[in-house]
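**Student:**
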Amino acid sequence: MMVRIPADKPDKLRQQLVKMLGCKKTTLLDLQSLTGLLNFCSKAIPSARAFIRRFYDAMQGMTNPHHHVRISAEMREDIKMLLFFLDQFNGTYLFNELKWVDSDDLELYTDSAGGINLDCAAIFGTHWVFFKWPSKWKNCPIMRDITFLELVPIFLAFLIWSNEFKYKRIVLHTDNKGLIPILNRKTSKSKRVMGLVRPLVLCSMLCGIYFKAIHIEGKSNIVADALSRQQMGRFRMSLPNADESPAPIPESFLQTLSKIE
């Protein structure tokens, strides 16, 4: 199924976003106009709603249309993501698969091990990748942010294998209960977590991917748990046909993480 947005709408949206990005403040009326246009476009691209929430928060409690609203740093990040998407968007959005596919059926597994000497890992079929936590994170609050750490390998998996996930509706598994509402709502109050949620949602929009999350017990995630703990013997035993070498880590992933504290 293909959904087409009228040609004038993306252009008008781009113009309003560019204008907004260049301002420190805007009027409530202009912000309402922008969110209305975003809502119209999000009927075809539901994931885009993830970038509207901060706008609604900014308008909360205001009634005077000429009242000025400060454009926060978080709102600017949302605008940048939307503009990046619009630069790639041709006005049509394709829905190939209407059924949800489970992570187990897709053979997609992720896990993070707490501890500066350990890793996070992602597995897709016979392909795999692991990422060692940066040494600069040692003794920093980021290593205690388990929700963020569990999100890292999911983001990494999407960057590497998003072309394989195109137009799919994926049910992700995680043993972190705090991460489930974040993945389902595509938003978080944590600036650090949003630093990954935004590019994750952008990646899914560019590839026509929908995702949601459900909880699994950690003990059910054997193969990814082994890889994240650098237990290669246990990993190879659990997945004997795994590729000989890991997938390369995208430069865009490293750049994104370098900006997060």
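Using the working numbering, the first residue of the sequence shown is number 63, and each one after it goes up by one. From the three backbone atoms N, C-alpha and C, an ideal C-beta is built for every residue, glycine too.
Assuming phenylalanine 146 is part of the alpha helix (DSSP H), what are its boundary residues?
**Tutor:** To locate residue 146, count along the sequence shown from 1; it is residue 84. Per DSSP, phenylalanine 146 belongs to the alpha helix (DSSP H) from 135-150.
**Student:** Take every Cβ of the region 228-244, pair it with every Cβ of the region 268-286, and state whether three or more of those distances are shorter than 8 Å.
**Tutor:** Because the criterion of three Cβ pairs below 8 Å is met, the region 228-244 and the region 268-286 touch.
**Student:** Does the region 235-249 come within contact of the region 76-93, defined as at least 3 CB pairs closer than 8 Å?
**Tutor:** These segments do not touch.
**Student:** Alpha carbon to alpha carbon, what distance is there between alanine 288 and asparagine 201?
**Tutor:** Translated into the one-based positions of the sequence shown, residue 201 becomes position 139. Translated into the one-based positions of the sequence shown, residue 288 becomes position 226. Near 24 Å, if we compare the C-alpha coordinates of alanine 288 and asparagine 201.
**Student:** In the DSSP output, what is tyrosine 155 paired with across the bridge?
**Tutor:** Residue mapping note: residue 155 aligns to position 93 of the sequence shown, counting from 1. Bridge partners of tyrosine 155: Val65.
**Student:** Can you tell me which of Gln293, Phe186 and Ile141 puts its alpha carbon nearest to the alpha carbon of isoleucine 133?
**Tutor:** Translated into the one-based positions of the sequence shown, residue 133 becomes position 71. The shortest C-alpha separation from isoleucine 133 is found at Ile141.
**Student:** In angstroms, rounded to a whole number, what distance separates the CA positions of isoleucine 208 and histidine 128?
**Tutor:** By 1-based counting over the sequence shown, the position of residue 208 is 146. By 1-based counting over the sequence shown, the position of residue 128 is 66. The straight-line gap from Cα to Cα measures roughly 42 Å.
**Student:** Helix, strand or coil: how does DSSP classify arginine 132 here?
**Tutor:** In the sequence shown, residue 132 corresponds to position 70, counting from 1. If DSSP states are grouped into helix, strand and coil, arginine 132 belongs with the strands.
**Student:** Between the Cα of leucine 264 and those of Asp164, Ile284, Val80 and Phe217, spot the shortest distance and give me the residue it belongs to.
**Tutor:** Working through the sequence shown from its first residue, we reach residue 264 at position 202. Looking at the Cα atoms, Phe217 is the closest of the given residues.
**Student:** Should the region 145-165 be called in touch with the region 118-125, which here means at least 3 C-beta pairs below 8 Å?
**Tutor:** The region 145-165 is not in contact with the region 118-125.
**Student:** Using DSSP with H/G/I as helix, E/B as strand and the rest coil, what is tryptophan 195?
**Tutor:** Along the sequence shown, one-based indexing puts residue 195 at 133. DSSP places tryptophan 195 in coil when its eight states are reduced to three.
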